[in-house]
Amino acid sequence: IHPMHLPVLEASLTEITGIQGACERIKSTPIPASYTVLIHRIVLVYCLGLPFGIVSQVGIWTPEVVALVAYAFYGLDAVGTEIENPFDYDPNDLPLSTLSRMIEVNLRQRLGEAPEQLPPLLEPQDGILH
């Protein structure tokens, strides 16, 4: 490595190390159970009280409006639960192994390795990248 490239390489490694630390903090910081329970209860109370607040405005359409609002709120709650841990191996999590392999292949190509020496890119398993 040319001496002029060392500061750039060091800055990149420092930035990557900082990003890795941030990702490890995200993974190791659990969502407090009290927060999850509170969100569920607030959504429930809101959806139970909503019909009484809108019946005078929407009349006979109250059940449909409440159902739509409840679907939206419970859907958002389900999405929040699903993305709580992005570094796992569930279908909706980040495909870290695939991303790591692509980075490895790109770096090895830039270092001049022959294409036959490169590891193959990971293929989806059951339509899901891991």
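FYI, in the working numbering the residues of the sequence shown are 84 to 213.
Ideal Cβ placement from N, Cα and C applies to all residues, glycine included.
This one's a predicted model, so the numbers in the text were calculated from it and none came from an experiment.
7 Å or more divides the Cβ of Val-188 from the Cβ of Leu-205. Within the segment 155–206, the runs of alpha helix (DSSP H) at least 4 residues long that lie entirely inside it are, in chain order, 179–193.
Ile-84 sits in coil when the DSSP states are folded into three classes, being neither helix nor strand.
The C-alpha of Glu-196 lies about 30 Å from the C-alpha of Cys-106. DSSP places His-123 in the uninterrupted alpha helix (DSSP H) bounded by 116–141. Taking Ala-161 as reference, the option from Val-149, Glu-199, Gly-136, Val-126 with the minimal CA-CA separation is Val-126. Under a 10 Å Cβ-count criterion, Val-149 is classified as buried, with 16 or more other Cβ atoms of the shown protein chains found around its own Cβ.
In the DSSP assignment, Gln-208 forms a beta bridge with Ile-211. Secondary structure note for Thr-100: its alpha helix (DSSP H) is the uninterrupted segment 89–111.
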